Amino acid sequence: MSTSIDTSAHLSLPDVPTQLFVGGRWRDAASGETFTVEDPGNGDDLARVPDAGVEDATAALDAAVAAQAGWAATAPRERGEILRRAFETVTERIDELAAVMTLEMGKSLAESRAEISYAAEFFRWYSEEAVRISGRWSTAPAGGSRLLTMKQPVGPCLFVTPWNFPLAMGTRKIGPAIAAGCTMVVKPASATPLSMLALAGILAEAGLPDGVLNVVTTRSSGEVSGTLLADPRLRKVSFTGSTEVGRRIVEQSAQNLLRVSMELGGNAPFLVLEDADLDRAVEGAMLAKMRNVGEACTAANRFHVHRSVADEFATRLAERFDALTLGHGTAEGTDVGPLVDDATREKVEELVGDAVERGAEAVVGGERVDGPGYFYRPTVLTGVPDGARILREEVFGPVAPISVFDDEDEAVRAANDTELGLTAYLFTQDLDRAIRVSERLETGMVGLNAGIVSNPAAPFGGIKASGFGREGGAEGIEEYLETKYVALAVPER
Ligand code: NAD
808 MSTSIDTSAH
818 LSLPDVPTQL
828 FVGGRWRDAA
838 SGETFTVEDP
848 GNGDDLARVP
858 DAGVEDATAA
868 LDAAVAAQAG
878 WAATAPRERG
888 EILRRAFETV
898 TERIDELAAV
908 MTLEMGKSLA
918 ESRAEISYAA
928 EFFRWYSEEA
938 VRISGRWSTA
948 PAGGSRLLTM
958 KQPVGPCLFV
968 TPWNFPLAMG
978 TRKIGPAIAA
988 GCTMVVKPAS
998 ATPLSMLALA
1008 GILAEAGLPD
1018 GVLNVVTTRS
1028 SGEVSGTLLA
1038 DPRLRKVSFT
1048 GSTEVGRRIV
1058 EQSAQNLLRV
1068 SMELGGNAPF
1078 LVLEDADLDR
1088 AVEGAMLAKM
1098 RNVGEACTAA
1108 NRFHVHRSVA
1118 DEFATRLAER
1128 FDALTLGHGT
1138 AEGTDVGPLV
1148 DDATREKVEE
1158 LVGDAVERGA
1168 EAVVGGERVD
1178 GPGYFYRPTV
1188 LTGVPDGARI
1198 LREEVFGPVA
1208 PISVFDDEDE
1218 AVRAANDTEL
1228 GLTAYLFTQD
1238 LDRAIRVSER
1248 LETGMVGLNA
1258 GIVSNPAAPF
1268 GGIKASGFGR
1278 EGGAEGIEEY
1288 LETKYVALAV
1298 PER
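Mapping of the sequence shown onto the working numbering: residues 808 to 1300, in sequence order.
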């Protein structure tokens, strides 16, 4: 690994909106307050955006409510075509959007481009789903009446999104909501508001009517979302973020009995059985661990490897980690950018420190990089004992803790020994075991000999304390539709 790190930005911030987007207009916060967006690669100030308060949040919901009836009545093809045009514009402007994302979030330009393609695919997928919303017609079992079942948009939604995928966590909600005919208020993470503001501009250009999508940037997340959750005009909340904040929002949503979707934290186990193809397992581990600098809810959080292959797996993974280049996300050749902020890096340090104190060994990495930016060296820990906090808590950084198991039951027990249940990864070449173990894993998703599960055509989501509801696939649009049934009395002839 190279020791000197290039922390200078090699691109400047493209022209991007830096105001609230409410009712189709760009405006400042009513208070005039703003806050700074920082480049985590070197700590430089990038831009200032409005610090919205309760008044601004209410204005955004007013706009969403005013637009709801007209939007619900808009032809599905028209809704789909707006999404399709937005997909094309996002794809055309990928380099510009990648520069914005890398500068505000830190990951390399290649990773930002990958996220933007993934984010745009939700618009393409839901442009195709908008015209496939349908219902049922049947005759009552006893005859004499007909049962008509229809789907209707849920109504105005609140979307709260995290900083780790500034665009994709938004489009997974915005795409199906637009397709279904819902209006929305989006509150992006305060660390990364610029990508979402850029997206709002693109959707407006694509012809989205005023008020369908509103974006409020704020540092007072609790106050702003609390105001909206308490407003009886809101019909749904969809949240992506930590389990802790998700719990609070579910509690608040009970007041108005809102429809709720929760995409919360993960603690993904990565299982390598003794018959795994180790080349594929190491390749999968690189993706599952190092994608997004480890700052992903789907990131492999802990590696459970069969004793007979654990040393070889650890050696090969450490070699790959050691060859990665750290640097500012915009620098040529950067594989690994900075973590998003100092608190995230401190948490990584704390969890690594705890594991090492309990007897684990850092075979590569195990330390922060001093200087500007929030860099932490890619780290492989071996001999991680059962009690280590890193096996229980989300590390959200480039650290791969490895512990060993002796049989399949022990591996499954270890994998399921967490309150979270988002993703698991399983590497084996035995089909019977692959199916058996996949069925026993308590997660919403399993990567089978695959280091990545995310796909716009698949239902993404967790069980247990990782939340409920699904984003993507045919399931994703159901989150934005209500079922209404009409009983038709048909007199006998
Ligand atoms: P976070 O919970 O701190 O913040 C998420 C969002 O909630 C941000 O917009 C934040 O401003 C807002 N927020 C914070 N406090 C709030 C409050 N009291 N009321 C309302 N909103 C509030 O999470 P984060 O640090 O931004 O993101 C990392 C977390 O997100 C990790 O736990 C990760 O696993 C999870 N995540 C989950 C998924 C998924 O699909 N399951 C995807 C990405 C990230």
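Positions of the beta carbon are idealized from the N, C-alpha and C atoms, including for glycine.
Remember, predicted model here, so these are calculated numbers, not experimental data.
Inclusion of Ala1095 and Gly1254 in the CB contact set at 8 Å is warranted, their separation being smaller than that value. In the DSSP assignment, Ser945 is bridged to Leu954. If the five residues before and after Gln1062 are omitted, its C-beta is found closer than 8 Å to the C-beta atoms of Leu1036, Ala1037, all from its own chain and listed in chain order.
Between Glu1139 and Trp833, the alpha-carbon positions lie close to 35 Å from each other.
Short note on Ile1056: C-beta closer than 7 Å to some heavy atom of the ligand NAD. Contact check for Leu1085 against Glu1126 fails: the beta carbons are separated by 8 Å or more.
Beta-bridge annotation (DSSP): Gln959 is paired with Glu1289. Contact between the segment 1242-1254 and the segment 899-906 is absent, with fewer than three C-beta pairs closer than 8 Å. In its chain, beyond the 5 residues on either side, His1113, Ser1115, Val1116 have a beta carbon closer than 7 Å to the beta carbon of Glu1081. Note on geometry: alpha-carbon atoms of Met1069 and Gly1053 lie some 7 Å from one another.
Taken in chain order, the complete alpha helix (DSSP H) segments of 4 or more residues contained in the segment 1134-1215 are 1149-1164. Around the beta-carbon of Pro1192, fewer than 16 other beta-carbon atoms lie within 10 Å, marking it exposed. With fewer than 16 other beta carbons inside 10 angstroms of its own, Pro1039 counts as exposed. Here Lys914 carries a coil assignment [DSSP, helix/strand/coil].
When secondary structure is reduced to three states using DSSP, Thr1122 falls in the helix class. Per DSSP, Thr825 lies in no alpha helix (DSSP H) and is assigned neither H nor E. In the structure shown, Ser934 falls within a helical segment according to DSSP collapsed to helix, strand and coil. When the five nearest sequence neighbours on each side are left out, the beta carbons in the same chain lying within less than 6 Å of the beta carbon of Leu910 are those of Leu820, Asp846, Leu853, in order along the chain. Considering only Val1187, Gly1144, Ala880, the residue with the shortest C-alpha distance to Ser915 is Gly1144. By the criterion of a C-beta distance shorter than 7 Å, Arg886 is surrounded in its chain by Ala937, Ile985, Ala986, Gly988, once the five residues flanking it on both sides are discounted. Per DSSP, reduced to three states, the secondary structure at Pro857 is strand.
When only Cα atoms are considered, Val1100 and Glu1157 end up about 17 Å apart.
Taking the Cα positions, Leu955 is about 16 Å away from Leu1288. Here Arg900 carries a coil assignment [DSSP, helix/strand/coil]. Closer than 7 Å to some heavy atom of the ligand NAD: that describes the Cβ of Asn971. Put simply, the backbone Cα of Ala816 is about 47 Å away from that of Glu1217. Nearest neighbour of Glu928 by Cα position, chosen from Gly977, Val1170, Ile940, turns out to be Gly977. Unbroken alpha helix (DSSP H) stretches of 4 residues or longer found wholly inside the segment 1067-1128: 1085-1097, given in chain order.
The DSSP assignment places 991-994 as complete runs of the beta strand (DSSP E) inside the segment 968-994, in order along the chain (cut-off: 3 residues). Between the ligand NAD and Leu868, a heavy atom-to-CB distance of less than 7 Å is absent. Listed in chain order, the non-local C-beta contacts of Gly1269 below 6 Å within the same chain comprise Gly1228, Leu1229, Gly1251, local neighbours out to five positions each way being set aside. When C-beta atoms of the segment 857-869 are compared with those of the segment 1019-1035, three or more pairs fall below 8 Å, so the two segments count as touching. By a beta-carbon distance limit of 8 Å, Phe930 contacts Gly982. Their separation comes to about 5 Å. Counting along the chain, Glu1058 sits inside the alpha helix (DSSP H) bounded by residues 1050-1060. When secondary structure is reduced to three states using DSSP, Gly1228 falls in the strand class. Each residue's CA atom was taken as its position, placing Gly1136 and Asp1142 some 8 Å apart.
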